[in-house]
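Engineer:
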Amino acid sequence: MAQRLRAIVLIPVIVTLVLGGFRVKQAVDTYREADDAVRVAELVQTANKFASDAINERDLSVVPLLQGDTDSSVVANARKITDQDMAAFDEAVERMPQSARLLRRVAVVQSGEKQLAGLREDAFTSRLPGVQTEEKYHLIQHPLMELANELGFGSSNQASFGRALYAISLTQAAESLNRAIGTHLLAEDRSSLAEGELQSQLAAFASYGYLQEVALQEFAGAATDKDQAQLQKALAAARTEGQRQVTEAAAQAEAAGETFVTPPSMTKMISEIASGKSATELAAQGITTESFFAASTLAFDAYRDVEVYLTDTALANAEDIADDARRDAVVNSAVALAAVLAAFLVAAAVARSMSTRMRLLRSSAFQISGQRLPALLAQLSRSSPGRIDTRIEPIPVDTRDEIGEVARAFDQVHREAVRLAAEQAVLRGNINAIFTNLSRRSQSLIEGQLTLITDLENNEADPDQLENLFRLDHLATRMRRNGENLLVLAGEEAHQPWVRPLPVVDVLRAASSEVEQYERIELDGIPEAEIHGRAVSDLVHLLAELLENATAFSSPQTRVRVTAARLPDGRIMIEIHDKGIGLTTEDFAALNHKLANPPTVDADISRNMGLFVVGRLADRHGIRVQLRPSREQTGTTSLVMLPHTIIQGAAETTAFGEAAFGDPTDFAAGSLDEAQQHFAALAAATAEPPTGAGFGRHEAWDQPATDPMGRFLQREELRRHAEPGAQQQQPGRG
Numbered sequence: 205m206a207q208r209l210r211a212i213v214l215i216p217v218i219v220t221l222v223l224g225g226f227r228v229k230q231a232v233d234t235y236r237e238a239d240d241a242v243r244v245a246e247l248v249q250t251a252n253k254f255a256s257d258a259i260n261e262r263d264l265s266v267v268p269l270l271q272g273d274t275d276s277s278v279v280a281n282a283r284k285i286t287d288q289d290m291a292a293f294d295e296a297v298e299r300m301p302q303s304a305r306l307l308r309r310v311a312v313v314q315s316g317e318k319q320l321a322g323l324r325e326d327a328f329t330s331r332l333p334g335v336q337t338e339e340k341y342h343l344i345q346h347p348l349m350e351l352a353n354e355l356g357f358g359s360s361n362q363a364s365f366g367r368a369l370y371a372i373s374l375t376q377a378a379e380s381l382n383r384a385i386g387t388h389l390l391a392e393d394r395s396s397l398a399e400g401e402l403q404s405q406l407a408a409f410a411s412y413g414y415l416q417e418v419a420l421q422e423f424a425g426a427a428t429d430k431d432q433a434q435l436q437k438a439l440a441a442a443r444t445e446g447q448r449q450v451t452e453a454a455a456q457a458e459a460a461g462e463t464f465v466t467p468p469s470m471t472k473m474i475s476e477i478a479s480g481k482s483a484t485e486l487a488a489q490g491i492t493t494e495s496f497f498a499a500s501t502l503a504f505d506a507y508r509d510v511e512v513y514l515t516d517t518a519l520a521n522a523e524d525i526a527d528d529a530r531r532d533a534v535v536n537s538a539v540a541l542a543a544v545l546a547a548f549l550v551a552a553a554v555a556r557s558m559s560t561r562m563r564l565l566r567s568s569a570f571q572i573s574g575q576r577l578p579a580l581l582a583q584l585s586r587s588s589p590g591r592i593d594t595r596i597e598p599i600p601v602d603t604r605d606e607i608g609e610v611a612r613a614f615d616q617v618h619r620e621a622v623r624l625a626a627e628q629a630v631l632r633g634n635i636n637a638i639f640t641n642l643s644r645r646s647q648s649l650i651e652g653q654l655t656l657i658t659d660l661e662n663n664e665a666d667p668d669q670l671e672n673l674f675r676l677d678h679l680a681t682r683m684r685r686n687g688e689n690l691l692v693l694a695g696e697e698a699h700q701p702w703v704r705p706l707p708v709v710d711v712l713r714a715a716s717s718e719v720e721q722y723e724r725i726e727l728d729g730i731p732e733a734e735i736h737g738r739a740v741s742d743l744v745h746l747l748a749e750l751l752e753n754a755t756a757f758s759s760p761q762t763r764v765r766v767t768a769a770r771l772p773d774g775r776i777m778i779e780i781h782d783k784g785i786g787l788t789t790e791d792f793a794a795l796n797h798k799l800a801n802p803p804t805v806d807a808d809i810s811r812n813m814g815l816f817v818v819g820r821l822a823d824r825h826g827i828r829v830q831l832r833p834s835r836e837q838t839g840t841t842s843l844v845m846l847p848h849t850i851i852q853g854a855a856e857t858t859a860f861g862e863a864a865f866g867d868p869t870d871f872a873a874g875s876l877d878e879a880q881q882h883f884a885a886l887a888a889a890t891a892e893p894p895t896g897a898g899f900g901r902h903e904a905w906d907q908p909a910t911d912p913m914g915r916f917l918q919r920e921e922l923r924r925h926a927e928p929g930a931q932q933q934q935p936g937r938g
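Numbering (my numbering), first residue to last: 205 to 938.
This is the structure:
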């Protein structure tokens, strides 16, 4: 089926490819033409600058040529500029398009370049008669000027654009010849001229003036309104600059006490020079070599400005067209390629639609059953799951065929599973509410009972009766702890938390006092350290549950030994050793897993409620608890690592001592022996002398009388006052 579908789609793909290829080829050809136009515009730009500077060199060389000044700095600088322009033109020739017509034009220019050196030498050595030196520069300038006819690609006036540039270049060349020949006539000694030479020069001067007028008319016919406006603007600026120069020259002459004759207009100057008057007669009218050259230079520069404007415009237009063509070529290529790829992709998609939907259905089913549904059930199983969105995400197969029907059926199964889990979460929340309600009710009754017992203890002087009241007090305290277990199961906290720091030894004694067989508990080597008040009540509860297990599951004739050690990083390790029957490796692994990951409330909680409560309390304060085989032949050791966050003034936690809390399922004999040896050495190295036997007045007695720590300390004080000097057996004292 897939092959047949590919064959059907192959025809439009081929058509798309052919049409796209034609469009791309057209765009690429346009770009190549536009790029050639850019390089031609660059060639013409350098050619016009070369031509302008070459004839400017000629004009500046007239007076030094007549005076025989071979070392003139003006001439040297002008020739240097011309040589630089010639080098730039040759570089542009290397980049130009290799069309036959352009190659022919450039060959003529290069032929003129070869004559430049000889022309310069003849100007100062052989001195050609008349104005032949000025006219021979035409061999260099005119071929350069003719390159303008290659301009205009892509413009609306393509045919007339090069014509306009050629006309303004011709106007500039005629103005330059007028300037050169007129300066020649004004500066030359006419007495040394051969017969008829002056008339030849005057005829040439007049003819070039006429040529300038013809060139201007040609420009007017070929140029646009914007181009003509640019010429008028340049000529107006030249006239303004001429008036400024005349005014400045008059002021300087007046300051020097000299007579200054205001020169006539440029048209009048040309007319007077062409009349054949002598230099003396012309000077009397203000027409001197300097005034004529300055006035003619202003017109020459004006025409040159227009020429530069046109070449810059041509180059900018060609670059814009090239950029557009490049962009069109890229876009057309991308569109054509995208169309072909889309055609192939559609063919492949249609051919593989069935298998794709089946794979999607399979992967979605595995994802729901293996990830999404278990994650949602785990979140709903928490004691406080928070706000959970029970809406399911349908399998993304929306077809109406058999595959889509299977996907909808699986969505329905998924939806029902989530609904049942949500109902169980609501039921679990209701059970937690029941636990909380029952605990609060029993707690209020027990607190009332403890208040009554406290009043009786305060008013009782008989030691025997007081001891009975202590036992009753102890029993009520254990009842209260069982009630608090319900609060922990429900995820609640005690409503009367301890608020002040308390020494570790007092925390252990308070925990011992809540155990039925407290007289079997023996404390040894407890370091001097204090626990933050916020963690005291929960730590007492946690230790009491562990001590209760240790005494309940060991022989009544044995002692339960409690040791503690301060680690170098500031944490405290508490060890509870009993001599019970012990557990198997599998039991240790299961119990440690539950301690590290307290499960939700279910039927198994009834068998391990104490460890469940320990796990919840440890998780609340970052305490780590593990059960390990005792270093004795029988028994169990409970390890409790108190983090620095609950120890008053402890240093920051490091990785030291983490070896004791590795993988809770790792119970190989070798690792257990190593861990036991490690803790034995650690306890011996860091143990501190036990605290004194007596209890002093503690500031924590300001806590409510029903608080576990407050009642423990108060009971110990009452016991001490009842039998002063007697060695009473105190809970937790060995």
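Each residue gets a CB set at the ideal place from its N, CA and C atoms; glycine is no exception.
Is the distance from the Cβ of residue 779 to the Cβ of residue 767 below 8 Å?
Structural biologist: Against the sequence shown, residue 779 aligns to sequence position 575. Against the sequence shown, residue 767 aligns to sequence position 563. Yes, the pair counts as a contact, with Cβ atoms nearer than the cut-off.
Engineer: Which of the three DSSP states is assigned to residue 655 in this structure?
Structural biologist: For the purposes of this step, residue 655 is identified with residue 451 of the sequence shown, where counting begins at 1. Of the three classes helix, strand and coil, the one that applies to residue 655 here is helix, per DSSP.
Engineer: Measuring CA to CA, which of 278, 318, 250, 316 is closest to residue 299?
Structural biologist: Translated into the one-based positions of the sequence shown, residue 299 becomes position 95. Residue 250 is the option with its Cα nearest to residue 299.
Engineer: With distances taken between CB atoms, is the gap from residue 442 to residue 510 smaller than 8 Å?
Structural biologist: Position 238 of the sequence shown, counted from the start, is the residue given in the question as residue 442. Position 306 of the sequence shown, counted from the start, is the residue given in the question as residue 510. No.
Engineer: Measuring only the C-alpha atoms, how far is residue 451 from residue 486?
Structural biologist: Position 247 of the sequence shown, counted from the first residue, corresponds to residue 451. Position 282 of the sequence shown, counted from the first residue, corresponds to residue 486. Their Cα atoms are separated by approximately 20 Å.
Engineer: Sorted by chain position, which residues of the same chain lie with C-beta nearer than 6 Å to residue 347's C-beta, five sequence neighbours on each side aside?
Structural biologist: Counting from 1 along the sequence shown, the entry for residue 347 is found at position 143. Excluding residues within five positions, the ones whose Cβ falls inside 6 Å are 312, 313, 316.
Engineer: Can you check which of these residues, 410, 506, 666, is closest to residue 445 by C-alpha distance?
Structural biologist: On the sequence shown, position 241 is the one that residue 445 refers to. Of the candidates 410, 506, 666, the one whose C-alpha sits nearest the C-alpha of residue 445 is 506.
Engineer: Buried or exposed: residue 218, going by 16 or more other Cβ atoms within 10 Å of its Cβ?
Structural biologist: For the purposes of this step, residue 218 is taken as residue 14 along the sequence shown, with counting starting at 1. It is exposed - the Cβ of residue 218 has fewer than 16 other Cβ atoms within 10 Å.
Engineer: Tell me, which residues are paired with residue 833 by DSSP?
Structural biologist: Working through the sequence shown from its first residue, we reach residue 833 at position 629. In DSSP, residue 833 forms a bridge with 840.
Engineer: In angstroms with no decimal places, state the Cα-to-Cα distance between residue 667 and residue 674.
Structural biologist: Within the sequence shown, residue 667 is the residue found at index 463, counting from 1. Within the sequence shown, residue 674 is the residue found at index 470, counting from 1. Taking the straight line from one Cα to the other gives about 10 Å.
Engineer: Count the CB pairs spanning the region 752-761 and the region 717-736 that are closer than 8 Å, and state whether there are at least three.
Structural biologist: Yes: the two stretches touch, three or more of their Cβ pairs being nearer than 8 Å.
Engineer: Please report the straight-line C-alpha distance between residue 345 and residue 283, rounded to a whole angstrom.
Structural biologist: As a first step, residue 345 is located in the sequence shown; it is residue number 141 there, counting from the start. As a first step, residue 283 is located in the sequence shown; it is residue number 79 there, counting from the start. Roughly 14 Å separates the two Cα atoms.
Engineer: Counting only the same chain and skipping the five closest in sequence on each side, list residues whose C-beta sits under 7 Å from that of residue 824.
Structural biologist: Translated into positions along the sequence shown, residue 824 becomes position 620. Once the five neighbours on either side are set aside, the close Cβ partners of residue 824 are 742.
Engineer: Using 8 Å as the threshold, is the C-beta distance between residue 419 and residue 368 below it?
Structural biologist: One-based indexing of the sequence shown puts residue 419 at position 215. One-based indexing of the sequence shown puts residue 368 at position 164. No. Outside cutoff.
Engineer: If we cut at 8 Å on Cβ distances, does residue 253 have a partner in chain D?
Structural biologist: Structure shown: chain D not included; a single protein chain is present.
Engineer: How many Å lie between residue 260 and residue 253 at the Cα?
Structural biologist: For this step, residue 260 is matched to residue 56 along the sequence shown. For this step, residue 253 is matched to residue 49 along the sequence shown. Approximately 10 Å between the Cα atoms of the pair.
Engineer: Could you tell me whether the Cβ atoms of residue 268 and residue 276 are closer together than 8 Å?
Structural biologist: Here residue 268 refers to the residue found at position 64 when the sequence shown is read from its first residue. Here residue 276 refers to the residue found at position 72 when the sequence shown is read from its first residue. For residue 268 and residue 276, yes; Cβs fall inside 8 Å.
Engineer: What's the C-alpha gap between residue 465 and residue 326?
Structural biologist: By one-based count along the sequence shown, residue 465 stands at place 261. By one-based count along the sequence shown, residue 326 stands at place 122. Cα to Cα, the separation comes out at about 37 Å.
Engineer: Do residue 688 and residue 745 have their C-beta atoms within less than 8 Å of each other?
Structural biologist: Here residue 688 refers to the residue found at position 484 of the sequence shown. Here residue 745 refers to the residue found at position 541 of the sequence shown. It is a contact, given that the beta carbons lie within the stated cut-off.
Engineer: Is residue 603 helix, strand or coil when you go by DSSP?
Structural biologist: Mapped onto the sequence shown, residue 603 falls at position 399. Residue state, collapsed to three classes: coil.
Engineer: Considering Cα atoms alone, identify which of 476, 352, 499 is closest to residue 489.
Structural biologist: As a position in the sequence shown, residue 489 is number 285, starting the count at 1. Answer by Cα proximity: 476.
Engineer: Going along the chain, which residues of its own chain have a beta-carbon closer than 7 Å to the beta-carbon of residue 560, five neighbours each way excluded?
Structural biologist: Taking the first residue of the sequence shown as position 1, residue 560 is located at position 356. Hits under 7 Å: none found.
Engineer: Quick one, which of 602, 412, 706, 401 has its alpha-carbon nearest residue 853's?
Structural biologist: Locating residue 853 in the sequence shown gives position 649, counting from the first residue. The candidate whose alpha carbon is nearest that of residue 853 is 706.
Engineer: Candidates 831, 847, 846: which alpha carbon is nearest residue 840's?
Structural biologist: Counted from its first residue, the sequence shown places residue 840 at position 636. Measuring from the Cα of residue 840, the nearest candidate turns out to be 831.
Engineer: Per DSSP, residue 781 forms a beta bridge with which residues?
Structural biologist: As a working mapping, residue 781 is identified with position 577 in the sequence shown. Answer is 765, 841, bridged to residue 781.
Engineer: Check this for me: beta carbons of residue 622 and residue 580, under 8 Å apart or not?
Structural biologist: Residue mapping note: residue 622 aligns to position 418 of the sequence shown, counting from 1. Residue mapping note: residue 580 aligns to position 376 of the sequence shown, counting from 1. A contact, by the Cβ cut-off of 8 Å.
Engineer: What is the DSSP secondary structure of residue 802, counted as helix, strand or coil?
Structural biologist: Position 598 of the sequence shown holds residue 802. Here residue 802 sits in coil by DSSP.
Engineer: Checking the sheet assignment: what are the DSSP bridge partners for residue 725?
Structural biologist: The sequence position of residue 725 within the sequence shown is 521, counting from 1. Answer is 764.
Engineer: Is the Cβ-Cβ distance between residue 851 and residue 769 less than 8 Å?
Structural biologist: Here the question's residue 851 lines up with position 647 in the sequence shown. Here the question's residue 769 lines up with position 565 in the sequence shown. No, the Cβ-Cβ distance between residue 851 and residue 769 is not below 8 Å.
Engineer: Taking the alpha helix (DSSP H) that residue 285 falls in, what are its first and last residues?
Structural biologist: To locate residue 285, count along the sequence shown from 1; it is residue 81. Taken as a continuous stretch (DSSP letters only), the alpha helix (DSSP H) holding residue 285 covers 277-299.
Engineer: Could you please give me the residues that DSSP links to residue 828 through a beta bridge?
Structural biologist: Mapped onto the sequence shown, residue 828 falls at position 624. In the DSSP output, where bridge partners are listed per residue, residue 828 has 845.
Engineer: Let me know the secondary structure DSSP gives residue 596 once reduced to three states.
Structural biologist: Against the sequence shown, residue 596 aligns to sequence position 392. In this structure, residue 596 counts as coil in the three-state DSSP scheme.
Engineer: Rounded to whole angstroms, what is the Cα-Cα separation between residue 794 and residue 616?
Structural biologist: The residue you call residue 794 lines up with position 590 of the sequence shown. The residue you call residue 616 lines up with position 412 of the sequence shown. The straight-line gap from Cα to Cα measures roughly 36 Å.
Engineer: Taking just the CA atoms, how far does residue 228 sit from residue 527?
Structural biologist: Within the sequence shown, residue 527 is the residue found at index 323, counting from 1. Within the sequence shown, residue 228 is the residue found at index 24, counting from 1. One C-alpha to the other measures close to 15 Å.
Engineer: Just to confirm my understanding: we take residue 614, look at its own chain, exclude 5 residues before and 5 after, and list those with CB closer than 7 Å. What are they?
Structural biologist: For the purposes of this step, residue 614 is identified with residue 410 of the sequence shown, where counting begins at 1. Correct list, in chain order: 569, 599.
Engineer: For residue 765 versus residue 845, is the C-beta distance shorter than 8 Å?
Structural biologist: By 1-based counting over the sequence shown, the position of residue 765 is 561. By 1-based counting over the sequence shown, the position of residue 845 is 641. Not in contact: residue 765 and residue 845 (Cβ atoms no closer than 8 Å).
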